[in-house]
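Q: Take this structure, written in structure tokens, and hold onto it; I'll ask about it next.
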Amino acid sequence: MKKKIILLSIAAILLCLSAISATVAYFQDTEYKGNVMTVGRVKIMQTEYQRDANDDIEEFANDKPLRPVTADVAEELKFGGNTYEVFDTDYCYVDKIVTVTNIGNVDAYVRTIFAFEMEYADGEWKNPIAENHLGLVDSKLNGTGIIWPKEDGKDVCFERDGVRYVVGLYYYANDSVLAVGEESHASLLQTYLYGHVDDWNDVVGDTYDILVLSQGVQTAGLDSAEEACNKTFGTVNAQNCTNWFANAA
């Protein structure tokens with residue numbers, strides 16, 4: 000079985016600042032260009048990488064074949080001053096190394112939100128990660144890796160263009176604070192299909208999408224990344240994710 004994976008480099012980066020106190024955060028002079036929203040002085044850049052044939056880091060490219068893995072051959076990836084446990088891409092693992100860089104002039108809290116296309120089978124949408132069909136290799140440098148926010152006790156899901164997505168959330172190490180000029184450690188590292196998966200096209204179609212966006216807000220006046228991002232952008236729920244990802248290309 001062979002299928003293509005479209006891992007969208009959405010840098011739909013939502014940024015905020017202008018007037019923030021301990022209890023108030025609001026947008027001013029919002030500017031939207033491409034897939035980047037900026038407000039005030041906070042500016043971040045989301046970047047996605049992969050390794051080339053010589054294991055050098057390069058910019059991530061879409062339209063990769065996604066096939067069931069053929070072996071679990073572990074190896075180390077040294078990147079950005081950190082060492083990660085990953086798998087050899089010769090065995091059908093796909094690199095998708097996601098980081099965030101603070102390119103503004105104030106320190107920022109940041110978080111990254113992932114939207115994974117769901118499977119549609121037997122009249123219902125299913126989470127491919129929970130079904131052990133799609134696998135992820137994520138960094139545990141933050142202590143948890145990607146977490147799965149809940150709404151009414153269930154995974155946060157939303158719909159875009161007739162397709163449903165399940166949402167993952169990543170806060171970075173050191174309470175997700177990025178100093179001016181600093182690039183974060185990686186969040187997501189790789190994705191893959193489990194070796195037992197067959198005929199995945201029947202439940203996801205001919206392409207598979209992973210959407211990614213990052214949010215940033217200044218650190219002054221707020222005690223944590225979760226508090227700052229939730230007060231500024233809102234909690235990670237279905238309605239907010241629908242809005243955040245609506246214009247991502």
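Letter 183 of the sequence shown, counting from 1, is numbered 182 in numbering that gives the first Met the number 0, and no numbers are missing.
In this text, a Cβ means the ideal position worked out from N, Cα and C, and glycines have one as well.
With a threshold of 7 Å on Cβ separation, who are the neighbours of Asn-81 within its own chain once the five nearest residues in sequence on each side are excluded?
A: So the qualifying residues of the chain are Leu-140 and His-184.
Q: For Trp-199, which residues does DSSP report across the bridge?
A: According to DSSP, Trp-199 bridges with nothing at all.
Q: Thinking C-beta only, is Tyr-90 closer than 8 Å to Thr-111?
A: Going by C-beta atoms, Thr-111 is not nearer than 8 Å to Tyr-90.
Q: If we require 4 or more residues per run, which alpha helix (DSSP H) segments fall completely within the region 107-174?
A: Listed in chain order, there is nothing to give.
Q: Work out the CA separation of Ile-43 and Leu-133 for me, nearest whole Å.
A: The alpha-carbon atoms of Leu-133 and Ile-43 are separated by roughly 29 Å.
Q: Quick check: Val-136 and Val-99, are their CB atoms within less than 8 Å of each other?
A: Against a cut-off of 8 Å, the Cβ pair of Val-99 and Val-136 comes out as no contact.
Q: With DSSP as the reference, label Glu-30 as helix, strand or coil.
A: Caution is warranted here: a pLDDT of 43 is assigned to Glu-30, below 50, making its placement in the model unreliable, and the coordinate value is therefore given only provisionally. DSSP places Glu-30 in strand when its eight states are reduced to three.
Q: For the pair the region 212-225 and the region 101-111, tell me if three or more CB-CB distances fall below 8 Å.
A: Yes: at least three Cβ pairs fall under 8 Å.
Q: Phe-115 and Gly-167 - do their beta-carbons sit closer together than 8 Å?
A: Contact: yes.
Q: What does a CB cutoff of less than 6 Å around Phe-113 pick up in its chain, not counting 5 residues either side in sequence?
A: Only Gly-167 and Val-211 meet the Cβ criterion.
Q: Please confirm if the region 55-67 is in contact with the region 115-124, defined as three or more CB-CB distances below 8 Å between the two stretches.
A: Verdict: no, contact absent.
Q: Going by Cα to Cα distance, which pick from Ile-102, Tyr-169 and Ala-237 is closest to Leu-177?
A: Of the listed residues, the one whose Cα sits closest to Leu-177 is Ile-102.
Q: Taking the Cβ atom as the reference point for each residue, do Gln-189 and Val-93 lie within a distance shorter than 8 Å?
A: Yes; because the gap between Cβ atoms is below 8 Å, this pair is in contact.
Q: Whose C-beta lies closer than 8 Å to the C-beta of Cys-240 among residues of the same chain, with five residues either side of it excluded?
A: Closer than 8 Å at the Cβ level, and outside the excluded window around Cys-240, lie Ile-112, Ala-114, Val-155, Phe-157, Tyr-164 and Val-166.
Q: Return the chain-ordered list of same chain residues with a C-beta closer than 7 Å to the C-beta of Val-23, the five sequence neighbours on each side being excluded.
A: Per-residue confidence for Val-23 stands at a pLDDT of 30, beneath the threshold of 50, marking its modelled position as unreliable; the derived number appears in the next sentence. Closer than 7 Å at Cβ, skipping near neighbours: no residue.
Q: Can you give me the C-alpha to C-alpha distance between Asp-198 and Tyr-207, rounded to a whole angstrom?
A: In a straight line, the C-alpha of Asp-198 is about 13 Å away from that of Tyr-207.
Q: Just the C-alpha distance for Glu-182 and Gly-79, rounded to the nearest angstrom, thanks.
A: Taking the straight line from one Cα to the other gives about 8 Å.
Q: Sort out for me which residues DSSP pairs Glu-84 with in a bridge.
A: Answer is Glu-75, bridged to Glu-84.
Q: Grab the span of the beta strand (DSSP E) containing Thr-98 for me, first residue to last.
A: Note, Thr-98: beta strand (DSSP E), 96-101.
Q: Taking all protein chains shown into account, do 16 or more other C-beta atoms lie within 10 angstroms of the C-beta of Lys-153, making it buried, or fewer, making it exposed?
A: Lys-153 comes out exposed.
Q: Here's the rule: buried if 16 or more other CB atoms are within 10 angstroms of the residue's CB, otherwise exposed. What is Ser-47?
A: In the sequence under discussion, the amino acid at residue 47 is Glu, which differs from the Ser named in the question. Buried, since its Cβ has 16 or more Cβ neighbours within 10 Å.
Q: Along the chain, where does the beta strand (DSSP E) that runs through Thr-46 open and close?
A: Here the beta strand (DSSP E) through Thr-46 covers 43-50.
Q: What number of angstroms, rounded off, separates the C-alpha of Cys-228 from the C-alpha of Gln-45?
A: Straight-line Cα distance between these residues: approximately 16 Å.
Q: Assuming Tyr-119 and Val-196 are in contact, meaning their beta carbons sit under 8 Å apart, how far apart are those beta carbons, in whole angstroms?
A: The pair is not a contact, with the Cβ atoms about 15 Å apart (cut-off 8 Å).
Q: Short check: CB of Ile-145 to CB of Leu-76, under 8 Å?
A: Taking 8 Å as the Cβ cut-off, Ile-145 and Leu-76 do not qualify as a contacting pair.
Q: With H, G and I counted as helix, E and B as strand and the rest as coil, what does DSSP make of Glu-225?
A: Here Glu-225 sits in helix by DSSP.
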